[in-house]
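K.L.:
Chain order of the listed sequences is A and B.
Residue numbers for the first sequence follow our numbering, so the first one is 1 and each next one is one higher.
Residue numbers for the second sequence follow our numbering, so the first one is 1001 and each next one is one higher.
For each residue, glycine too, the CB sits at the ideal point set by N, CA and C.
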Amino acid sequence: MGHGDLRVSLPSVFLVLIPAPRRTVFLTYLLRELSNRRKQTVIVAAGLALAIALVIVVSGVAAGVRNAQSSVLESIYGVGTDVTITQIAEPGTGGPGQQFAFGSGDGTTTDDGSTEVAQSTLSAARGTATFDSSALTTVEGVDGVSAATATLSLQNSSFSGTLPDFSPGGAGGAGADGATGDGTDSGTEAAPPSGGADGAGGSAFDVDQFSVTGLDPATDAVGPLSSASLVDGRSFTAADAGTDVVVLDQTYATSAELAVGDTLAIGGTDFTVVGIVASTSSDAATASDTYVPLDTAQALSGLTDQISNVYVTASSASGVNALKTDLQAALPDATVNTQSDLASSVSGSLSTASDLIGKLGTWLSVVVLAAAFLIAILFTVSGVSRRTREFGTLKAIGWSNSRITRQVAGESLVTGLLGGVVGVAVGLIGVLVVNIVAPTLSAAATTDAAGPGADGPGAAAGGGGFGQQIAQATTDVALNVPVTVPVVLLAVGLAVAGGLLAGAVGGWRASRLRPAEALRSVA
Amino acid sequence: MYTLTAVTKTYQQKKRTVKALDGVDLVIPAGQMVAIQGPTGGGKSTLLQMLGALDRPTSGTVRLGDSELSAAGDHALAAARAREIGFVFQGFNLIPTLTAAENVETAFADGSTPRAERRDKAKAALASVGLAERADHLPSELSGGQQQRVAIARALVKEPSVLLADEPTGSLDEATRDEIMDLLEGVWRDRGLTLVIVTHDSAVARRAQRRLRIAGGELAELGPAA
């Protein structure tokens, strides 16, 4: 580098910033040396920068995926739920499934002889098992429980349809020759049915289903509504116990065209809509289509003193695992899950992204970081070898081993810092790009269904009797990558560590140079 | 100043042992100017390295004043080099990325000299070798003779008692050689240094008070310069 050279390098900029009288030989030598071997400095810094950027992006995406999984779980289990308690249905048990039976006199006959029938049932949600509500009392008595509430997951199924006139005496039932009879007259045939949905003897049926969750109207700190926000009307109060009031999920209310003040038939009983709630997690629905007081749900469904879930808040975050163990001991027949257990129940592209980041992303970061460190070490050692005469001369004029080691380490440290700064900038740009693109990941939180055999009569197609998991909530989540100060500091720390490691190895090599050999080797 | 007694130095070079010094006895009084001549590979540089505390003998003793260099540790040898001994090399051996003044400042090895004092002394040293106006120039912007002057300034700035020069004019033309030798002689006279010059150039050797010849590791006196 010539004295009159106008090329500006990053290390030399530092020299300009520090007035000449204040610069030390150490600093001047260090920065001039880095500037002199620009290519090596850039390669080492670039390697470290790439590794640091990868660490920031991978850490951020991992945190974003974790946040997305938590938001999916919160939309189902609510904020503040540390532990959930359910019971897996034993084979041969479970809800009756969809089963509609009509007597001969049921329904309403219309003018054309058609029969209109309608029926609705309220039963335990497919694939869930209910258990005695005394379990809640047991849970509340366990040490480490801050709050607990119970819910009953139900499904309302409505059947409505139009049947044609099948009667033999009806207009459609006369014989072809018009004679009435028992249909055995030789030479005559029973008239085809008439009327019906299409007026020509056809039938039409409609089945509608929506989920119903019975919950304690006095509790909102824990449970599925703890993560919901009120959109219209009001939420439950303790006074709603035993009454026929319902709160709707906003998504369901929109699709069913229901508003506050309307009525909704649940289990054959008209409920008044008193409120509409939405999930606080964007793009996610709450856990159920409708919410009613627990005792009302139990009475209507015939599941007196039965519950299907208990939501528990722990007294301390660090005691969740111990609490899980205690609850499992108190309720040996129940399935006790913590939030981290439930995280594995999130499927879809969100789950795939989680696996990808957790395995590939982490290992890629480790490999690239190791490679960057190795490159830094190799280039530093190579530089020391190239400067054998220089270091030999410095030793000859009285420089100690420690001073030479400090010089080499200082050069590596500055290179590492350079790589760290660039890496942080590139990493933040990468995070910004991901957040601008905001890829949408699908997520479905599933629960384990009953095993084979739980599908009793009426468990129609799609029932839980195949031992498959049933999606409890499917939602799309936009990935948002957070950047936290600890991650940035970690990244910078890694860059500094890389520089120090390379400096330590290079400095050790330099300190081993014997001045006589160093000078002789050049001669 | 220097007392060498039965100094022997051997090296391993590939698979054979090379005896660079063989039982050398030498006394150099303080303030003497000595030239050491000899063929290439005869042991000149090795002897200079013994005198300069750059290496230890395989056997024998090397004393500089009251200090026994042959038994000293690396740290003590470095301290002796920093305090007592100035070096001038054939290839100048300046740091290419530092200016002339900064190269001279590197001689303050222990860092205990305040920055301002260091800078002033460096400038004064350069002025004493006639390069005051070149203080901010890099070695690549200086001629060979000028670079050697900077190296001499670097060697002298810490006011050593000994100046060792290994072929100081080996890379210079005849005219520049004479300039450098005039400078070295002047410094020797003015400061009362002990000056030891290793050279294969008889014209340089003739300027010394005392001439020695080393060949095959054995030292012999050639007597005072004619």
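#1: In chain B, which residues lie less than 8 angstroms from A:Arg389 when you measure between Cβ atoms?
#2: Quick one: what's B:Gln1013 bridged to in DSSP?
#3: State the DSSP-derived secondary structure class of A:Ser211, mapped to helix, strand or coil.
#4: Rounded to whole angstroms, how far is the Cβ of A:Leu163 from the Cβ of A:Ser120, which I believe are closer than 8 angstroms?
#5: Could you say which of B:Asp1055, B:Ala1215, B:Glu1221 and B:Leu1222 lies nearest to B:Gly1043 if we only look at CA atoms?
#6: Would you identify the three-state DSSP class for A:Leu230, choosing helix, strand or coil?
#7: Closest to B:Met997 by CA distance: which of B:Glu1185, B:Glu1221 and B:Asp1022 is it?
#8: Under 7 angstroms, do B:Ala1030 and A:Ile397 count as touching if we go by C-beta distance?
#9: Would you mind sorting A:Gly172 into buried or exposed? The rule is 16 or more other CB atoms within 10 Å of its CB.
#10: Output, in chain order, the set of chain B residues within a Cβ distance shorter than 8 angstroms of A:Arg32.
#11: Between A:Val72 and chain B, is any beta-carbon pair separated by less than 7 angstroms?
#12: Distance cutoff 7 angstroms, beta carbons only. Does A:Thr28 sit that close to anything in chain B?
#13: Assign B:Ala1053 to one of three DSSP states: helix, strand, or coil.
#14: Comparing the C-beta of B:Glu1105 with each C-beta of chain A, is any distance below 7 angstroms?
#15: Just tell me which of A:Phe373, A:Ala330 and A:Thr296 has its CA closest to the CA of A:Val44.
#16: Could you say which of A:Ala371, A:Val505 and A:Gly80 lies nearest to A:Ser316 if we only look at CA atoms?
#17: Of the choices A:Ala238, A:Gly242 and A:Gly275, whose alpha-carbon is the least far from that of A:Ala253?
#18: Taking the alpha helix (DSSP H) that B:Met1033 falls in, what are its first and last residues?
#19: Roughly how many angstroms separate the alpha carbons of A:Pro21 and B:Arg1118, rounded to a whole number?
#20: At what residues does the alpha helix (DSSP H) containing A:Pro486 begin and finish?
#21: Considering Cα atoms alone, identify which of A:Ala370, A:Ser402 and A:Gln407 is closest to A:Gly383.
#22: So, for A:Val222: in the same chain, excluding its five sequence neighbours on each side, which residues have a beta-carbon less than 8 angstroms away from its beta-carbon?
#23: For A:Thr393 and chain B, any beta-carbon pair shorter than 7 angstroms?
#24: Look up A:Ala322 in the DSSP assignment and say whether it is helix, strand or coil.
#25: How do the segment 1044-1058 of chain B and the segment 1074-1084 of chain B stand: do at least 3 beta-carbon pairs fall below 8 angstroms, yes or no?
#26: So that I know if they touch, is there some Cβ in chain A lying closer than 7 angstroms to that of B:Glu1159?
#27: What residues are listed by DSSP as bridge partners for A:Pro293?
#28: Using DSSP with H/G/I as helix, E/B as strand and the rest coil, what is B:Ser1059?
#29: Measuring CB to CB, does A:Lys324 end up less than 7 angstroms from A:Thr338?
#30: For a contact defined as C-beta to C-beta under 9 angstroms, what are the partners of A:Val384 on chain B?
#31: Pick out whichever of A:Phe379, A:Thr304, A:Ala124 and A:Ala287 has its Cα sitting closest to the Cα of A:Asp295.
#32: Mind pulling the chain A residues with CB within less than 8 angstroms of B:Asp1074?
#33: For A:Ala459 and A:Thr86, what's the separation of their Cα atoms in angstroms?
#34: Grouping DSSP H, G and I as helix and E and B as strand, with all else coil, what is B:Arg1191?
#35: Does DSSP classify B:Leu1004 as helix, strand or coil?
#36: Check each candidate in A:Ala118, A:Thr110, A:Ala204 and A:Val83 and name the one with the smallest Cα separation from A:Gly144.
P.N.:
Reading it off the structure:
#1: Position 389 of the first sequence, counting from 1, holds the residue named residue 389 of chain A. At a C-beta separation below 8 angstroms, A:Arg389 has these neighbours in chain B: Gly1091 and Asn1093.
#2: On the second sequence, position 13 is the one that residue 1013 of chain B refers to. Paired residue(s): B:Arg1016.
#3: Along the first sequence, read from residue 1 onward, the residue named residue 211 of chain A stands at position 211. Strand.
#4: If you number the first sequence from 1, residue 163 of chain A lands on position 163. If you number the first sequence from 1, residue 120 of chain A lands on position 120. Incorrect: roughly 18 angstroms between the Cβ atoms, too far for contact.
#5: Taking the second sequence and counting its residues from 1, the one referred to as residue 1043 of chain B is at position 43. Considering only alpha carbons, the answer is B:Ala1215.
#6: For this step, residue 230 of chain A is matched to residue 230 along the first sequence. Of the three classes helix, strand and coil, the one that applies to A:Leu230 here is strand, per DSSP.
#7: As shown, chain B starts at 1001 and ends at 1226. That puts residue 997 of chain B outside it, with no answer to give.
#8: Within the second sequence, residue 1030 of chain B is the residue found at index 30, counting from 1. Within the first sequence, residue 397 of chain A is the residue found at index 397, counting from 1. Cβ atoms of B:Ala1030 and A:Ile397: not closer than 7 angstroms.
#9: What you label residue 172 of chain A is simply residue 172 of the first sequence in a count that begins at 1. In this prediction, A:Gly172 scores a pLDDT of 43, lower than 50, which makes its location untrustworthy; the coordinate-derived value is nonetheless stated afterwards. Its Cβ being crowded by 16 or more others within 10 Å, A:Gly172 is buried.
#10: On the first sequence, residue 32 of chain A is found 32 positions in, with the first residue counted as 1. Here the neighbours are Thr1097 and Leu1098.
#11: Taking the first sequence and counting its residues from 1, one reaches residue 72 of chain A at position 72. No, A:Val72 lies away from the interface with chain B (no Cβ there is under 7 angstroms from its Cβ).
#12: Numbered from its first residue, the first sequence carries residue 28 of chain A at position 28. Yes, because at least one Cβ of chain B sits closer than 7 angstroms to the Cβ of A:Thr28.
#13: Taking the second sequence and counting its residues from 1, one reaches residue 1053 of chain B at position 53. Coil, per DSSP.
#14: Here residue 1105 of chain B refers to the residue found at position 105 when the second sequence is read from its first residue. Yes, its Cβ sits closer than 7 angstroms to a Cβ of chain A.
#15: Here residue 44 of chain A is taken as the residue at index 44 of the first sequence, counted from 1. Looking at the Cα atoms, A:Phe373 is the closest of the given residues.
#16: For this step, residue 316 of chain A is matched to residue 316 along the first sequence. Nearest of A:Ala371, A:Val505 and A:Gly80 to A:Ser316, Cα basis: A:Gly80.
#17: Mapped onto the first sequence, residue 253 of chain A falls at position 253. Of the candidates A:Ala238, A:Gly242 and A:Gly275, the one whose C-alpha sits nearest the C-alpha of A:Ala253 is A:Gly275.
#18: Indexing the second sequence from 1 puts residue 1033 of chain B at position 33. Segment Met1033 to Gln1037 is the beta strand (DSSP E) holding B:Met1033; no alpha helix (DSSP H) there.
#19: Locating residue 21 of chain A in the first sequence gives position 21, where the first residue counts as 1. Locating residue 1118 of chain B in the second sequence gives position 118, where the first residue counts as 1. Interpretation of A:Pro21 is limited by its pLDDT of 48, a score under 50 that renders its predicted location unreliable; the figure taken from the coordinates is listed afterwards. Whole-angstrom Cα-Cα distance: 11 angstroms.
#20: Here residue 486 of chain A refers to the residue found at position 486 of the first sequence. From DSSP, the alpha helix (DSSP H) with A:Pro486 extends over Val485 to Arg512.
#21: Here residue 383 of chain A refers to the residue found at position 383 of the first sequence. Closest option to A:Gly383, Cα to Cα, is A:Gln407.
#22: As a working note, residue 222 of chain A is residue 222 in the first sequence. Excluding positions up to five away in sequence, the list reads Gly78, Gly80, Thr81, Ala147, Ala148, Thr149, Tyr311, Val312 and Thr313.
#23: Within the first sequence, the letter at position 393 stands for residue 393 of chain A. Answer yes: the Cβ-Cβ gap between A:Thr393 and chain B drops below 7 angstroms somewhere.
#24: Position 322 of the first sequence, counted from the first residue, corresponds to residue 322 of chain A. Of the three classes helix, strand and coil, the one that applies to A:Ala322 here is helix, per DSSP.
#25: yes
#26: Counting from one through the second sequence, the residue named residue 1159 of chain B turns up at place 159. No, B:Glu1159 does not count as interfacial toward chain A.
#27: What you label residue 293 of chain A is simply residue 293 of the first sequence in a count that begins at 1. In the DSSP output, where bridge partners are listed per residue, A:Pro293 has A:Leu215.
#28: As a first step, residue 1059 of chain B must be located in the second sequence, where it is residue number 59. DSSP places B:Ser1059 in strand when its eight states are reduced to three.
#29: Counted from its first residue, the first sequence places residue 324 of chain A at position 324. Counted from its first residue, the first sequence places residue 338 of chain A at position 338. Contact flag set, yes.
#30: The residue you call residue 384 of chain A lines up with position 384 of the first sequence. Here the premise fails: no neighbours, minimum Cβ distance about 15 angstroms.
#31: As a position in the first sequence, residue 295 of chain A is number 295, starting the count at 1. Closest option to A:Asp295, Cα to Cα, is A:Thr304.
#32: Sequence index remark: in the second sequence, residue 1074 of chain B carries index 74 (1-based). Within chain A, the residues near B:Asp1074 are Asn401.
#33: Position 459 of the first sequence, counted from the start, is the residue given in the question as residue 459 of chain A. Position 86 of the first sequence, counted from the start, is the residue given in the question as residue 86 of chain A. Residue placement at A:Ala459 cannot be trusted, given a pLDDT of 33 that sits under 50; what the coordinates show is reported in the next sentence. Across the structure, A:Ala459 and A:Thr86 are spaced so that their CA atoms are roughly 21 angstroms apart.
#34: Mapped onto the second sequence, residue 1191 of chain B falls at position 191. Of the three classes helix, strand and coil, the one that applies to B:Arg1191 here is helix, per DSSP.
#35: On the second sequence, position 4 is the one that residue 1004 of chain B refers to. Here B:Leu1004 sits in strand by DSSP.
#36: Residue numbering aside, residue 144 of chain A sits at position 144 when the first sequence is read from its first letter. The shortest C-alpha separation from A:Gly144 is found at A:Val83.
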